[in-house]
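See below for the structure under consideration.
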Amino acid sequence: METAAKRTPFSRRGFIAAGVLAAAAASLEGCARPGATGDAPAQGPGSDSLPLRPSSQEAGADGPQGNDSPAGNDPLEQLLASMTLKQKVAQLFIVTPEALTGASRATVAGELTKKGLKRIPVGGICYFGQNLESAQQVRELLAGTRELATSTGARIAPFLSVDEEGGPLVARVANSGLFDVPAFPNMAEIGATRDAARAAEVGATIGGYLQDIGFNLNFAPSADVLTNPENTVIGPRAFGSDPELVADMVSAEVEAMLDAGTLPCVKHFPGHGDTPGDSHTGAAVSSRTRDQITSCELEPFRAAISAGCPLVMVGHIETPAFAADGLPASLSPTMITGVLRGELGFTGVIVSDSFSMGAITQRFSAADAAVRFFLAGGDMLLLPENLEEAYQGVLDAVYAGTLSEDDIDERVLRVLAAKQEAGIV
33 METAAKRTPF SRRGFIAAGV LAAAAASLEG CARPGATGDA PAQGPGSDSL PLRPSSQEAG
93 ADGPQGNDSP AGNDPLEQLL ASMTLKQKVA QLFIVTPEAL TGASRATVAG ELTKKGLKRI
153 PVGGICYFGQ NLESAQQVRE LLAGTRELAT STGARIAPFL SVDEEGGPLV ARVANSGLFD
213 VPAFPNMAEI GATRDAARAA EVGATIGGYL QDIGFNLNFA PSADVLTNPE NTVIGPRAFG
273 SDPELVADMV SAEVEAMLDA GTLPCVKHFP GHGDTPGDSH TGAAVSSRTR DQITSCELEP
333 FRAAISAGCP LVMVGHIETP AFAADGLPAS LSPTMITGVL RGELGFTGVI VSDSFSMGAI
393 TQRFSAADAA VRFFLAGGDM LLLPENLEEA YQGVLDAVYA GTLSEDDIDE RVLRVLAAKQ
453 EAGIV
């Protein structure tokens, strides 16, 4: 039986000390279970029968060619220099196991997983309820996927991610009934205590059991301030309507989750608490002014960044009174590069919200949306509507000069740095 290897919890201080780099860890031992029925192929996007278009500038995904620039003694630069362009671009995607394999429902790491990782060695995989059948099966799925990723393609361990905010609404693991783990109330009840130690308990507990199972990235906590009581998308998932309270709660949970050994990713920048619309099905628009957003919605994100949060998720939230560019924040250079990078000084990994949501798919093709996200300053694209099209679209943009390979390298280095600090590369 495969189980996820224990990993030493890391301190949030490692993310703050951006210049400190450790030697790359040895790859995890273990073996996958090829050919199991849960990895059976299905027709549609992500199927192995859909080859990527060949390019005269790039050979196969496992080829040795890559960046010819000298890497010096920096292990991350050396790793980057050993990668092909295709491998580097692939590191900038987080996808479902179904999108990677073409399976209708993926529950094991088998031959299709191996083939998928060889063709498109993605930087991360996100799991949902349909991927969870039993405690043992989940551990073997995660350990097997990690082992396959480190032995094929780019040979880089992936982010193994999940949405585990806590509470009855968004907690894939705790609400599955498969694991003997504590269940928490909605974060609104945690926030109502006004006791940051309760938020730290949430972070330590969730971070601890995710790390034990084999996950290494959690899309939580929610840093949204519930400024619109009519907002049902966030609602009780938020710690409250007071930005200072939410900031205290978020920073406490981030620190505790990091210390427990799991990477947190705060969401949904620049704040989803005002939007009456649901970005899952269409546009989500915030009517808040620049001053309101700056003094209220952004406060918990500032606190999370100060606490050493290594990843921030950008939502599909339009801000006509702030950015005024007609774009969701996830595609907005103003919000990503100008505000999150510039004004807030965030130097970690910027992740998009799911690009399979209606707010993106109703207006943009998979390729166009992906290119726009990276041009805006994003680092990792989450759940593209069509992985093949999005991936090829980014490659084509590099070949055409719309995106430079230096742009790609910069983003890959941030991804690798987060993985190295977490001890998964």
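In terms of the working numbering, the sequence shown opens at residue 33 and continues consecutively.
Note that CB positions come from ideal geometry on N, CA and C, so glycine has one too.
Bridge-paired residues (DSSP) for residue i
i: Asn250; result: Val194 and Pro296
i: Pro360; result: Glu350
i: Phe125; result: Leu413
i: Met345; result: Val383
i: Ala206; result: According to DSSP, Ala206 bridges with nothing at all.
i: Val317; result: Glu350
i: Ala450; result: Paired residues: none, contrary to the question.
i: Ile157; result: Val127 and Leu192
i: Phe301; result: Val346
Residues of its chain near residue i, where Cβ-Cβ distance is below 6 Å and the 5 sequence neighbours each way are ignored
i: Glu329; result: Val257, Pro302 and Gly303
i: Gly148; result: Leu132 and Thr133
i: Ala284; result: Ala228, Ala231 and Ala232
i: Asp306; result: Thr259, Asn260, Ser318 and Arg320
Cα-Cα separation, residue i to residue j
i: Arg443; j: Thr321; result: 31 Å
i: Ala450; j: Asn260; result: 34 Å
i: Ala315; j: Ile325; result: 18 Å
i: Ala402; j: Thr393; result: 11 Å
i: Ala122; j: Arg226; result: 42 Å
i: Ser87; j: Ala432; result: Because Ser87 carries a pLDDT of 37, less than 50, the predicted location of this residue cannot be relied on, and the following value inherits that uncertainty. Approximately 12 Å between the Cα atoms of the pair.
i: Glu221; j: Lys150; result: 45 Å
i: Ala361; j: Gly380; result: 17 Å
i: Pro200; j: Val286; result: 20 Å
i: Pro66; j: Gly176; result: Only weak support is given to the placement of Pro66: the predicted model assigns it a pLDDT of 33, under 50, and the question is left unresolved by the model.
i: Phe354; j: Leu242; result: 37 Å
i: Asp357; j: Gln168; result: 48 Å
i: Ala113; j: Gln119; result: 11 Å
i: Leu502; j: Ala141; result: Lying before the first or after the last residue shown, residue 502 is absent from the chain, which here runs from 33 to 457.
i: Ser166; j: Ala206; result: 12 Å
i: Gly343; j: Met219; result: Gly is not the amino acid found at residue 343; the sequence shown has Leu there. Rounded to the nearest angstrom, the two C-alpha atoms are 20 Å apart.
i: Val430; j: Leu210; result: 44 Å
i: Leu376; j: Glu143; result: 43 Å
i: Ala255; j: Asp291; result: 19 Å
i: Gln97; j: Thr116; result: Low local confidence applies: a pLDDT of 42 at Gln97 is under 50, so the model's placement there is unreliable, with the coordinate-based value given in what follows. When rounded, the distance between both Cα atoms is 6 Å.
i: Glu417; j: Ser436; result: 24 Å
Contact check, residue i vs residue j, beta carbons under 8 Å
i: Gly155; j: Pro129; result: no
i: Ile245; j: Val170; result: yes
i: Ile157; j: Ser208; result: no
i: Glu262; j: Pro308; result: yes
i: Leu180; j: Thr139; result: no
i: Glu197; j: Pro275; result: no
i: Gly251; j: Met345; result: First, the amino acid is wrong: residue 251 is Phe here, not Gly. For Phe251 and Met345, yes; Cβs fall inside 8 Å.
i: Ser348; j: Asp323; result: For clarity, residue 348 is His in the given sequence; the question names Ser instead. Their beta carbons are not under 8 Å apart, which means His348 does not touch Asp323 by this criterion.
Residues near residue i by beta carbon distance below 7 Å, same chain, minus five either side
i: Leu108; result: Leu53, Leu445, Leu448, Ala449 and Gln452
i: Gly409; result: Pro365, Ile368, Thr369, Arg373 and Ile382
i: Ser273; result: Val257, Leu258 and Thr259
i: Ala288; result: Ala232, Gly235, Ala236 and Gly239
i: Asn248; result: Phe191, Leu192, Thr294, Leu295, Ala454 and Ile456
Residues near residue i by beta carbon distance below 8 Å, same chain, minus five either side
i: Leu124; result: Gly155, Phe406, Asp411, Met412, Leu413, Val426, Ile440, Arg443, Val444 and Val447
i: Arg137; result: Gly70, Glu130, Gln162 and Asn163
The stretch 204-219 / the stretch 294-301 touching (three or more Cβ pairs under 8 Å): no
Inter-stretch contact at 8 Å, needing at least 3 Cβ pairs: the stretch 262-269 / the stretch 277-291: no
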